[in-house]
Every structure is written in structure tokens, then in C-alpha cells.
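In our numbering, the protein residues as written are 180 to 580.
These notes concern the structure reproduced below.
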């Protein structure tokens with residue numbers, strides 16, 4: 180957006196693409212578009228509002244996970260700073276009331292508004308605040324693998340040296356590679372790292388502490404670079420063949436399989452790739468464009484490039500973490516003590532992998548595995564956000580707002 184500089188102070192991310200930034204842009208350049216509205220929210224908040232039969236702006240709510248995703252939200256104060264919102268030209272009273280995940284925002288209306296004309300239900304059914312899909316997906320994934328919190332460590336750790344036990348703060352890491360990519364872990368107050376250190380050491384636009392559930396926080400390294408880059412490379416391979424006058428008759432799926440297979444034969448390539456061809460959220464000079472380097476006469480085949488791109492996608496994501504966390508994760512890959520304790524890899528180093536790009540691409544799987552302890556990566560298909568939302572209601576659901 181124009182005329183509003185990025186703002187990423189403590190716990191309050193704000194830049195182009197966030198809902199509050201878009202709202203401010205509209206207020207600056209086309210305020211007539213919102214003149215007839217008296218409140219705001221996400222699409223899912225509108226659904227909840229309608230299901231309850233609400234009509235007053237004071238009934239509008241948004242949970243903390245969605246409020247944070249809108250930007251400029253102060254997680255500690257549990258609110259948008261009034262002075263900051265006013266400075267952006269947004270009326271403070273138009274913003275919805277923020278509630279905690281698991282809060283009841285109303286009861287199902289016996290007859291809903293015309294938006295849900297076919298929904299008629301008993302008025303005793305509670306409607307809970309909608310929640311963000313990413314934290315709900317993480318919760319579902321951890322639940323399926325019997326992890327209440329990623330900081331919980333199995334009993335074999337108790338016999339280890341204190342230095343190893345202290346490493347438990349990232350005992351469960353969730354890596355998701357779809358169109359984009361995220362690497363996440365949950366921490367409780369007792370294990371929470373120093374946030375100032377994280378901000379100094381990490382990439383503040385791509386690494387965030389987000390609201391989670393209960394008393395926990397979700398730490399997320401979020402990359403714009405993911406399966407989209409690999410898909411673009413495959414599309415380029417098809418286009419190159421066409422440009423050379425030998426158009427491919429293979430299906431898209433077959434082309435993907437061929438490119439991946441060629442890459443698996445060149446996983447030791449010396450070719451390197453910084454695949455940030457579309458840039459990243461941070462504005463450093465290193466990630467506004469992509470780069471292929473270390474090219475030699477014998478290492479720029481399709482297989483070499485395929486492997487280099489896949490490795491670069493994984494490396495780029497991990498390098499968005501604070502340096503301290505990168506060292507902590509990578510140290511475990513080489514820790515000889517891990518081989519001496521039965522089941523320790525499951526207790527300490529398990530990485531839960533999800534996302535269509537990761538699940539369908541053996542080359543990405545190879546390089547994710549290479550970044551962590553051997554056999555530590557567990558591929559998961561059970562990351563349904565709807566399941567996570569139901570679990571929040573069961574675990575943290577409040578009897579009233």
C-alpha cells in the first residue's frame with residue numbers, strides 16, 4: 180500500500196497485505212466505500228454473526244488469532260492500540276470486540292438471516308468464535324500425534340545431561356510446504372525464549388510470535404517461497420521443450436514426476452539456488468530476487484537445477500528462523516548422544532511435515548530430512564483446520580463470552 184510504511188513493533192506486525200493496512204488504504208483513498216458500514220471482521224466472523232442472528236455492531240467479535248492476522252494487533256494488551264488505529268484513519272469503534280479462542284459469541288438463532296435461509300436449528304446450540312486456520316491446523320497435527328504441546332518431552336530425556344534436556348523447547352517442529360512454506364513450534368511461558376533476542380536475531384517480517392491456544396504462543400517462520408517455485412520450474416521445463424520445437428505430450432503429473440526423479444539422482448549437486456524469485460516479506464538485498472550459483476560445465480542439468488531448487492526452498496525457510504534457533508535445530512542433526520538412547524529421536528527431534536508440496540515431492544522430503552536428525556521427519560496428512568477448531572472448543576471452550 181502507499182504512504183504507510185511497514186511497522187513491525189513488539190507483537191504488532193503491520194505491512195502491505197494485512198487487513199488493517201488494506202482498511203487504512205481504503206480509508207485514505209476511497210472512504211466512500213465503507214461509509215455505510217458500522218463494523219468489520221473476517222468472512223468467517225460474518226458467518227458467525229449471521230448464524231447468531233446478530234444485528235448490532237456491538238455484537239461483532241473476532242478471536243485473537245484472526246485479530247493478529249489482521250495486523251497492528253498488540254497480543255499482550257489483547258487489543259488494537261487506539262492511538263495507532265486512529266493515526267491510520269480508521270474509526271476505533273468500527274473494529275470488532277476481540278475474544279479468546281474457544282469463546283462463545285452467541286447462540287444459534289432459531290431462524291437465521293437470509294444469508295443462511297436454509298439453516299434452521301435449535302436456539303440452544305452455541306456458536307464459537309471462528310479461529311485462524313494455521314494455528315488450528317497445527318493443533319490438529321499435534322493432537323493426532325499425541326502431543327499436547329511441542330515442549331512436552333518423553334521420559335527417556337530425564338536420564339540425559341541437563342544440556343540436552345534444556346534443548347526440549349523445540350521437541351516438536353511442524354514444517355508445512357504448500358504453495359508457500361511455514362516452520363512452526365509452540366512454546367509455553369516457562370520455555371518461551373526472550374522475544375527481544377528473537378527480534379534482534381531473526382527476520383522480523385518473516386518470523387513472528389503469534390497467538391496460540393491456552394497460555395501458549397505459536398512461533399512461525401513464514402516464507403513466500405515454497406511449492407510455487409518448484410511448480411514454476413516444472414512449467415519452465417515444459418515451455419523450454421516447446422520453445423525447442425519438441426512440445427511435451429506428458430501430463431502435468433508426469434512432468435512433475437520426471438523432474439523430481441531427475442533431481443533425486445543429483446541430490447549431491449554442487450549447484451546452489453537461492454529460490455526467492457518472488458521475494459520474501461523482509462526487504463533485505465539477499466531475498467528480493469533469486470539466484471543460481473556455483474555453476475560448472477557438468478552441473479546445470481535439469482536434475483541439478485531441480486535438486487538445487489528443492490534444497491534452496493528448505494534452506495531458505497530454516498534461515499528465516501532466529502540464528503539461535505537454527506543452531507539449536509541443526510545441532511541435533513549431528514549430536515552423537517541421540518543414537519544412544521532408544522526412541523530419543525521420536526522424543527526430541529521429531530519434525531511433523533505437512534502440505535501438499537511436501538507430501539507429493541520426494542525431493543523436498545529428502546532435503547527436509549537432511550536438515551534434521553535421521554528418520555526424524557514424520558509426514559502427516561492429518562492437519563485439518565476444522566479438526567483443530569473442534570479441539571479448541573473441547574479443550575478451551577468457554578461457557579460464555
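Glycine residues also receive a C-beta, built at the ideal position from the N, C-alpha and C atoms.
A quick note: this is a predicted structure, and the numbers were derived from the prediction, not measured.
Exposed unless 16 or more other CB atoms sit within 10 angstroms - verdict on residue 605: Residue 605 lies beyond the range of the chain shown here (180 to 580); nothing can be said about it.
Three-pair Cβ contact test at 8 angstroms for the region 317-327 versus the region 545-563: With the rule of 3 Cβ pairs closer than 8 angstroms, the region 317-327 counts as touching the region 545-563.
Runs of beta strand (DSSP E) lying entirely within the region 212-282, each at least 3 residues, in chain order: Counting only runs of at least 3 residues, the region 212-282 fully encloses the following beta strand (DSSP E) elements, listed from N- to C-terminal order: 240-242 and 276-278.
Where the alpha helix (DSSP H) through residue 356 begins and ends: For the purposes of this step, residue 356 is taken as residue 177 along the chain shown, with counting starting at 1. First-last for residue 356: 352-356, but that is the beta strand (DSSP E), not the alpha helix (DSSP H).
Length of the line joining the Cα atoms of residue 529 and residue 362: Here residue 529 refers to the residue found at position 350 of the chain shown. Here residue 362 refers to the residue found at position 183 of the chain shown. Straight-line Cα distance between these residues: approximately 13 angstroms.
Buried or exposed by the 16-neighbour rule on C-beta atoms within 10 Å, applied to residue 470: For the purposes of this step, residue 470 is taken as the residue at position 291 of the chain shown. By the neighbour-count criterion, in which 16 or more other beta carbons inside 10 Å mark a residue as buried, residue 470 falls on the exposed side.
Pair within 7 angstroms by beta-carbon distance, residue 356 and residue 543: Locating residue 356 in the chain shown gives position 177, counting from the first residue. Locating residue 543 in the chain shown gives position 364, counting from the first residue. It is a contact, given that the beta carbons lie within the stated cut-off.
Contact between the region 394-414 and the region 535-552 (3+ Cβ pairs under 8 angstroms): With the cut-off at 8 angstroms, the region 394-414 and the region 535-552 touch.
Residue 422 (DSSP reduced to helix, strand or coil): Working through the chain shown from its first residue, we reach residue 422 at position 243. In the structure shown, residue 422 sits in a helix (DSSP, three-state: H, G or I).
Per-residue DSSP class, three states only, for residue 557: Here residue 557 refers to the residue found at position 378 when the chain shown is read from its first residue. The answer is strand: DSSP assigns residue 557 an E or B state.
Opening and closing residue of the alpha helix (DSSP H) in which residue 570 lies: Within the chain shown, numbered from 1, the residue matching residue 570 stands at position 391. Start and end: 564-575.
Contact under 7 angstroms by Cβ, residue 306 with residue 230: To locate residue 306, count along the chain shown from 1; it is residue 127. To locate residue 230, count along the chain shown from 1; it is residue 51. In terms of Cβ geometry, residue 306 and residue 230 form a close pair [threshold 7 angstroms].
Beta-carbon contacts of residue 472 that lie in its chain and below 8 angstroms, excluding the five residues immediately before and after: Walking along the chain shown from the start, residue 472 turns up at place 293. Take residue 472, set aside five residues on each side of it, and the residues of its chain with a beta-carbon closer than 8 angstroms to its own are 450, 451, 452 and 453, in chain order.
Among 569, 475, 493 and 498, nearest to residue 532 - alpha-carbon criterion: Your numbering for residue 532 matches position 353 in the chain shown. The residue from 569, 475, 493 and 498 with its alpha-carbon nearest to that of residue 532 is 493.
Where the alpha helix (DSSP H) through residue 491 begins and ends: The residue labelled residue 491 in the question sits at position 312 within the chain shown. First-last of the alpha helix (DSSP H) with residue 491: 481-497.
CB of residue 220 within 7 angstroms of CB of residue 241, strictly: As a working mapping, residue 220 is identified with position 41 in the chain shown. As a working mapping, residue 241 is identified with position 62 in the chain shown. Yes, the pair counts as a contact, with Cβ atoms nearer than the cut-off.
Test item: CB-CB of residue 411 and residue 399 under 7 angstroms: For the purposes of this step, residue 411 is identified with residue 232 of the chain shown, where counting begins at 1. For the purposes of this step, residue 399 is identified with residue 220 of the chain shown, where counting begins at 1. Between residue 411 and residue 399, the CB-CB gap reaches or exceeds 7 angstroms.
Straight-line Cα distance separating residue 263 from residue 206: Translated into the one-based positions of the chain shown, residue 206 becomes position 27. Translated into the one-based positions of the chain shown, residue 263 becomes position 84. If I take the Cα positions, the gap works out to 14 angstroms.
Sequence-distant residues of its chain with Cβ nearer than 7 angstroms to residue 280 (five each side left out): Residue mapping note: residue 280 aligns to position 101 of the chain shown, counting from 1. So the qualifying residues of the chain are 242, 243, 244, 308, 310, 392, 571 and 575.
Cβ pair residue 460, residue 359 closer than 7 angstroms: As a first step, residue 460 must be located in the chain shown, where it is residue number 281. As a first step, residue 359 must be located in the chain shown, where it is residue number 180. Remark: C-beta atoms of residue 460 and residue 359 do not approach each other more closely than 7 angstroms.
Under 7 angstroms between C-beta atoms of residue 273 and residue 287: Taking the chain shown and counting its residues from 1, the one referred to as residue 273 is at position 94. Taking the chain shown and counting its residues from 1, the one referred to as residue 287 is at position 108. It is not a contact, given that the beta carbons lie outside the stated cut-off.
Residue 477, DSSP secondary structure in three states: As a first step, residue 477 is located in the chain shown; it is residue number 298 there, counting from the start. Three-state DSSP puts residue 477 in coil, outside helix and strand.
Closest by C-alpha distance to residue 249, when choosing among 260, 322 and 198: Here residue 249 refers to the residue found at position 70 of the chain shown. Considering only alpha carbons, the answer is 198.
Contact under 7 angstroms by Cβ, residue 217 with residue 236: For the purposes of this step, residue 217 is taken as residue 38 along the chain shown, with counting starting at 1. For the purposes of this step, residue 236 is taken as residue 57 along the chain shown, with counting starting at 1. Going by beta carbons, residue 217 and residue 236 fall inside the 7 angstroms limit.
7 angstroms Cβ shell around residue 566 - same chain, five flanking residues per side excluded: The count along the chain shown starts at 1 and reaches residue 566 at position 387. Within the same chain, 319 come within 7 angstroms of residue 566 by CB-CB distance, once the 5 residues on both sides are set aside.
Reference residue 325; option with closest CA among 313, 351 and 312: Locating residue 325 in the chain shown gives position 146, counting from the first residue. The residue with the shortest Cα to Cα distance from residue 325 is 351.
Cα-Cα separation, residue 504 to residue 485: Position 325 of the chain shown, counted from the first residue, corresponds to residue 504. Position 306 of the chain shown, counted from the first residue, corresponds to residue 485. Taking the straight line joining both Cα atoms gives about 28 angstroms.
Distance, residue 569 Cα to residue 313 Cα: As a working mapping, residue 313 is identified with position 134 in the chain shown. As a working mapping, residue 569 is identified with position 390 in the chain shown. Distance from the CA of residue 313 to the CA of residue 569, rounded to the nearest whole angstrom, comes to 14 angstroms.
Residue 437 versus residue 402: straight-line alpha-carbon distance, rounded: Start at 1 with the first residue of the chain shown, and residue 437 comes out as number 258. Start at 1 with the first residue of the chain shown, and residue 402 comes out as number 223. Cα to Cα, residue 437 sits roughly 26 angstroms from residue 402.
Whole-number beta carbon distance between residue 258 and residue 277, since they are thought to touch under 8 angstroms: Here residue 277 corresponds to residue number 98 of the chain shown, with the count starting at 1. Here residue 258 corresponds to residue number 79 of the chain shown, with the count starting at 1. Under the criterion of beta carbons closer than 8 angstroms, residue 277 and residue 258 qualify as touching, at roughly 6 angstroms.
Cβ distance (whole Å) where residue 468 is taken to contact residue 448 below 8 angstroms: The residue you call residue 468 lines up with position 289 of the chain shown. The residue you call residue 448 lines up with position 269 of the chain shown. A Cβ-Cβ separation of about 21 angstroms leaves residue 468 out of contact with residue 448 under the 8 angstroms criterion.
Assumed close pair residue 442, residue 482 - CB separation to whole angstroms, cut-off 8 angstroms: Taking the first residue of the chain shown as 1, we reach residue 442 at position 263. Taking the first residue of the chain shown as 1, we reach residue 482 at position 303. Between residue 442 and residue 482 the beta-carbon gap is near 5 angstroms, inside 8 angstroms, which marks them as a contact.
N- and C-terminal bounds of the beta strand (DSSP E) containing residue 451: The count along the chain shown starts at 1 and reaches residue 451 at position 272. Counting along the chain, the beta strand (DSSP E) containing residue 451 begins and ends at 451-453.
Rounded Cβ spacing between residue 547 and residue 354 (contact assumed at less than 8 angstroms): The residue labelled residue 547 in the question sits at position 368 within the chain shown. The residue labelled residue 354 in the question sits at position 175 within the chain shown. About 6 angstroms; that satisfies the 8 angstroms criterion.
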